[in-house]
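Student:
Residue numbers (the numbering used here): 968 to 1731.
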């Protein structure tokens, strides 16, 4: 069956899409019945714990686990020697390259430790107390090595090497000297030098940010049960149980066909739960012990040993004519990937100017390694940092040119067919529409008081498509069950049920929406990249359409006519014309009730790599007040505008937008990792890692614009990440305007704002 034809259904056939029904998983979550990663407890289960490195960088000279293994109650002990090794080689598309040599070391150290908190050994015991006691009995001898934490430290000429033989890739000629710059990416469009030469105003600024954590509520957890016959069952709290299966298999030396993975409910992820940390460890402990093994991280372990967003060092230069036409743009950025390569530095280049029609562009980016935990995705990974820098430069330009900041962006808004850096072309409208809607918001002209400022920003995220799988089954009472391969983080079960209900033309109450394990539904990529409502929605509709074909064929069989003469509408099979016959419609419930007698029950699976996804675009304004005595910032108002294509469940779209803004406010004003001279994280807990709470946030207004995507059966464009991209930049511009000082570093906490007020003159 081919993908959707590109013709959207008539409005009078859309009943549930656009409504706000109760979510299918609501009752079990509010009653506490929902099972998360740490809730599973198979019979005979034992507990696994990880011994973590006490140094930021050290060679492992010796590990002795004999005393730990001899402790009564200990069932298994593992070290790096129990894990397979792999060649130091990269695979996958350029933007998302993987290296199993690095991945296995991120799970369990081998010849040395690369960051404080890296796993060095693990034990499984009959109870948690015994497991913790056993960790203290593992003897490890280290040779401490010099470490680097920040980008500046890592790229210094005399910097200690994180990986002694790492040569920078994508540089011609190939360097002969190892460094901590693992890869370079460069792209261009037009002639940047000529573009700057024709500009009347050119602004160039440098920016910096520190690592920030995704802040999900639930820590990482899993249960692994390796059976005597070589098969295994894994329960995971992750953004992609198929990926957890595949990575656990390869990193534990198994076949992925031998592992069945059940997805638990997930208490947040935002990109941080797309990697394996505990799962291969638990699997090998279970294999060695012959018992199910549960592992959960403490909050301290989450902060120290899982991936935050990259810290960054960015320089942006933009030129414009007096009328506001942007003539040229340039970006240079360094992203810190932590102990192993993988920062989203290419995203930083591709998204920086992607929402503007700038004829001349160039960008160069570097992936830098250091002695801290390897980076992970965080909601539009890489785009947020570059957007903060680009939108700040545009804010300065709008002042120099005497233009309203939204008008400057509108004048240069990208349109369908406009070229983008990286050999791309804009394929969807929507950006000008959201800018126009934002400017029309009544809050945009609200007067500001003393020490108050308003910031405008816009952002781009390319969104993803990927492979999704789904099944559709019809019960004998006419109830439809749809199941997908995508873990539900943002309300996708409700959206899938709504699309299924409208596809069949039946009540929402007659649809059950579920997430199934890896043995019960076709393969699906991770829940990430704002892909699920788009791609998995297409899979759900594909499975439903296949079942509808079966229903039409059955009706034709019952009536003794050709199947081509049957149409499906309003939940029933109808003769397409009087020429077919004067038959009364056969409803879904009637066909389902008689299925056994007329040929069997109805059901189908559908899965493929989807195409036709649309980019995410956002624009917003933020009002703040700065206390000149303390540097404290209070957010007064925030309005976010985004093109959803079509909002399947508007409440969820609004929630995604508001959640992104809340995270953006935290990233902008408070959040950040703090490292000591010893390379150890100093604020590995909620008391010291300052995230915004309800009292820190204003009422967050949302404006949903709908410019339908013709390549989705209901017009969907992904929405989860685009608002995050520009939220930090909007706050940055607001604080800069309130303080009269251009803020170029994150976070803009009271200390940095007060320093800017005291040490720098007003921005021209």
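Glycine residues also receive a C-beta, built at the ideal position from the N, C-alpha and C atoms.
1) I'd like the list of long-range same chain contacts for residue 1173, defined as Cβ closer than 6 Å, with 5 residues on each side in sequence excluded.
2) When you measure from the CB of residue 1660 to every non-hydrogen atom of the ligand MN, does any distance come out below 7 Å?
3) Could you work out which residue in 1044, 1205, 1077, 1046 is closest to residue 1005 when comparing CA atoms only?
4) Are residue 1671 and residue 1620 close, meaning C-beta to C-beta below 8 Å?
5) Considering Cα atoms alone, identify which of 1381, 1202, 1681, 1346 is closest to residue 1509.
6) Could you check the C-alpha separation between residue 1420 and residue 1141 for me, to the nearest Å?
7) Using a Cβ-Cβ distance under 8 Å, would residue 1668 count as near chain C?
8) Here's the rule: buried if 16 or more other CB atoms are within 10 angstroms of the residue's CB, otherwise exposed. What is residue 1330?
9) Need the endpoints of the alpha helix (DSSP H) that residue 1289 sits in, please.
10) Looking only at its chain, what residues have a beta carbon closer than 7 Å to the beta carbon of residue 983, apart from the 5 residues adjacent to it on each side?
11) Taking the alpha carbon of residue 1104 as the point to measure from, which residue in 1162, 1036, 1043, 1138 has its own alpha carbon closest?
12) Out of 1211, 1639, 1457, 1370, which one is the CA nearest neighbour of residue 1653?
13) Going straight from the alpha carbon of residue 1580 to that of residue 1432, what length do you get?
14) Taking DSSP as the reference, what is the three-state secondary structure of residue 1313?
15) Check each candidate in 1022, 1107, 1221, 1537 and name the one with the smallest Cα separation from residue 1642.
16) Could you give the DSSP three-state label for residue 1668: helix, strand or coil?
17) My output table needs one value for residue 1542: the three-state DSSP class, helix, strand or coil.
18) Taking a contact to mean a Cβ-Cβ separation below 8 Å, would you say residue 1271 touches residue 1340 in this structure?
19) Which residue's Cα is closest to the Cα of residue 1612: 1423, 1687, 1651, 1539?
20) Residues in the same chain with beta-carbon distance under 6 Å from residue 972, minus the five sequence neighbours each way, listed in chain order, please.
21) Please list, in chain order, all residues of the same chain as residue 1502 whose beta carbon is under 6 Å from its beta carbon, the five residues on each side excluded.
22) Counting only runs that start and end within the segment 1148-1173, where is the alpha helix (DSSP H) found for 4 or more residues in a row?
23) Between which two residues does the beta strand (DSSP E) carrying residue 1427 extend?
24) For residue 1450, I'd like the list of residues in its chain whose CB is within less than 6 Å of its CB, leaving aside the five on either flank, ordered along the chain.
25) Would you mind working out which of 1413, 1536, 1500, 1426 sits nearest residue 1471, comparing C-alpha positions?
26) Please go through the same chain and pick out, in chain order, the residues whose beta-carbon is closer than 7 Å to the beta-carbon of residue 1552, but skip the five residues on each side of it.
27) Would you mind listing the beta strand (DSSP E) stretches within the segment 1340-1428 that are 3+ residues and don't spill past its ends, in chain order?
28) Among the residues of its own chain, which have a CB less than 6 Å from the CB of residue 1012, if the five just before and after it don't count?
29) Just tell me which of 1674, 1087, 1218 has its CA closest to the CA of residue 1066.
30) Taking 6 Å as the limit between beta carbons, can you name the residues of its chain near residue 970, skipping five residues before and five after?
31) Can you tell which of 1428, 1323, 1043 has the C-alpha that lies nearest to the C-alpha of residue 1734?
32) Kindly identify the DSSP beta-bridge partner or partners of residue 1799.
33) Following the continuous beta strand (DSSP E) through residue 1200, name the residue where it begins and the one where it ends.
34) Just to confirm my understanding: we take residue 1225, look at its own chain, exclude 5 residues before and 5 after, and list those with CB closer than 8 Å. What are they?
35) Express the C-alpha separation of residue 1350 and residue 1583 in angstroms, rounding to a whole number.
36) Is it buried or exposed, residue 1587, if we count other Cβ atoms within 10 angstroms and call 16 or more buried?
Tutor: The structure says:
1) Only 1282 meet the Cβ criterion.
2) Absence of the ligand MN from the depicted structure is noted, as is the absence of any ligand whatsoever, leaving it without description.
3) Residue 1205 holds the alpha-carbon nearest to the alpha-carbon of residue 1005 among 1044, 1205, 1077, 1046.
4) When the beta-carbon positions are compared, residue 1671 and residue 1620 come within less than 8 Å of each other.
5) Nearest in C-alpha terms to residue 1509, of all of 1381, 1202, 1681, 1346, is 1681.
6) The alpha-carbon atoms of residue 1420 and residue 1141 are separated by roughly 48 Å.
7) Absence of chain C from the displayed structure is noted, only one protein chain being present.
8) Classification of residue 1330: buried, given that the 10 Å Cβ count is 16 or more.
9) Taken as a continuous stretch (DSSP letters only), residue 1289 belongs to no alpha helix (DSSP H), as it is neither H nor E.
10) Answer for residue 983: 1465, 1468, 1469, 1475, listed in chain order.
11) Nearest C-alpha to residue 1104: 1036.
12) Nearest of 1211, 1639, 1457, 1370 to residue 1653, Cα basis: 1639.
13) Near 6 Å, if we compare the C-alpha coordinates of residue 1432 and residue 1580.
14) Note: residue 1313 maps to helix in three-state DSSP.
15) Answer by Cα proximity: 1022.
16) Reduced to three states, the DSSP call for residue 1668 is strand.
17) Residue state, collapsed to three classes: strand.
18) Contact: yes.
19) Comparing alpha carbon positions, the residue from 1423, 1687, 1651, 1539 closest to residue 1612 is 1687.
20) Interpretation of residue 972 is limited by its pLDDT of 39, a score under 50 that renders its predicted location unreliable; no figure is taken from the coordinates.
21) Counting only residues of its own chain and dropping the five nearest sequence neighbours on each side, residue 1502 has a CB closer than 6 Å to the CB of 1432, 1433, 1435, 1577.
22) Taken in chain order, the complete alpha helix (DSSP H) segments of 4 or more residues contained in the segment 1148-1173 are 1159-1164.
23) Its beta strand (DSSP E) spans residues 1419-1428.
24) Hits under 6 Å: 1438, 1481, 1483, 1488.
25) The closest CA to that of residue 1471, considering only 1413, 1536, 1500, 1426, is found on 1536.
26) Within the same chain, residue 1552 has close Cβ partners 1539, 1540, 1541.
27) Runs found: 1419-1428.
28) Cβ neighbours of residue 1012 beyond the five flanking positions: 1259, 1261.
29) With distances taken between Cα atoms, residue 1066 lies closest to 1218.
30) In this predicted model, residue 970 has a pLDDT of only 46, less than 50, meaning its place in the structure is not dependable; the value taken from the coordinates is given anyway. Nothing meets the Cβ criterion.
31) The structure shown does not extend to residue 1734, since the chain spans only 968 to 1731, so no value can be given for it.
32) The structure shown does not extend to residue 1799, since the chain is modelled only from 968 to 1731, so the question has no answer here.
33) Following the DSSP letters along the chain, one finds residue 1200 inside the beta strand (DSSP E) bounded by residues 1199-1203.
34) A distance below 8 Å between beta-carbons, with the five flanking residues on each side excluded, links residue 1225 to the following residues of its chain, in chain order: 1197, 1198, 1199, 1216.
35) Straight-line Cα distance between these residues: approximately 11 Å.
36) So residue 1587 counts as buried.
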